[in-house]
Amino acid sequence: MKAYEKQRGARREEQKELQRAAAQDQVRGFLEKEAAIVSRPLNPFTPKTASSNGADDAQPGPSTGPTGKDKDKDKMLPSFWIPSLTPEAKATKLEKPSRTVTCPMSGKPLRMSDLTPVRFTLLDGSVDRVGLITRSERYVCAVTRDSLSNATPCAVLRPSGAVVTLECVEKLIRKDMVDPVNGEKLTDRDIIVLQRGGTGFAGSGVKLQAEKSRPVMQA
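Residue numbers for the sequence shown follow the UniProt record's numbering, so the first one is 1 and each next one is one higher.
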């Protein structure tokens with residue numbers, strides 16, 4: 001929202017600057033036209049010999065060099081090495097952000113009652129926060145005590161918010177459909193699969209399909 005308001009203020013200033021520049025161009029054009037008009041009166045008592053040198057006494061015309069605005073444009077030369085400074089580059093227009101927080105999956109508005117607390121079980125409860133950061137294995141499954149990592153498929157049990165491995169869900173929890181932490185009944189909707197983070201392998205958790213091409217005989 002702050003970025004949108006900042007861009008909005010910049011656009012207002014830009015419009016005011018364009019209006020001022022247009023007014024200055026009109027005044028400058030009027031003055032140039034007035035200066036180009038030659039209206040010097042002739043003196044009837046001046047001898048012809050003096051009037052023959054009128055070409056030498058002619059006043060210089062208005063300068064055709066670049067004005068101050070054009071000089072400023074010359075200083076702002078485009079850069080072809082930076083995409084945002086090329087002549088074809090346009091400023092990105094920001095849309096007004098919505099004040100409603102929506103679900104990234106369904107797009108529906110989120111409410112506090114729709115949120116589920118997620119509780120990770122620490123590997124060692126005596127370790128403080130600073131010591132936890134330096135460890136590679138920090139959390140474990142709430143049921144089997146198996147260590148959790150980015151490569152471990154996990155799920156959240158909605159009634160208790162406990163994080164367990166999918167292997168535990170398939171082998172133990174789905175048999176009775178009971179939350180092992182608080183003993184409440186479970187449904188398929190109460191088992192929420194967590195999306196894993198980066199594992200360093202491009203095909204992690206994805207079904208890969210390879211195609212092998214061979215030469216084909218053509219008639």
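Every residue, glycine too, gets a C-beta built ideally from N, C-alpha and C.
{"query": "Helix, strand or coil at I37 [DSSP, three-state]", "result": "coil"}
{"query": "Same chain, Cβ closer than 8 Å to N182, neighbours up to 5 away in sequence not counted", "result": "P159 and S160"}
{"query": "N- and C-terminal bounds of the beta strand (DSSP E) containing L157", "result": "C154 to L157"}
{"query": "A10 versus M1 - alpha carbon distance", "result": "14 Å"}
{"query": "Touching by the beta-carbon criterion (3+ pairs, under 8 Å), the stretch 134-153 and the stretch 114-123", "result": "yes"}
{"query": "Unbroken beta strand (DSSP E) run spanning T100, endpoints", "result": "Taken as a continuous stretch (DSSP letters only), T100 belongs to no beta strand (DSSP E), as it is neither H nor E."}
{"query": "Cutoff 6 Å; reference L166; Cβ partners in own chain excluding five residues on either side", "result": "P153 and A155"}
{"query": "Alpha-carbon spacing of V118 relative to A162, whole angstroms", "result": "6 Å"}
{"query": "T92 versus Q24: straight-line alpha-carbon distance, rounded", "result": "28 Å"}
{"query": "Residue from P180, T102 and Q195 whose Cα sits closest to the Cα of R145", "result": "P180"}
{"query": "R119 (DSSP reduced to helix, strand or coil)", "result": "strand"}
{"query": "Reduced DSSP secondary structure (H/G/I, E/B, other) of G54", "result": "Low confidence applies here, because G54 scores a pLDDT of 47, under 50, leaving its location unreliable and the question unanswered by this model."}
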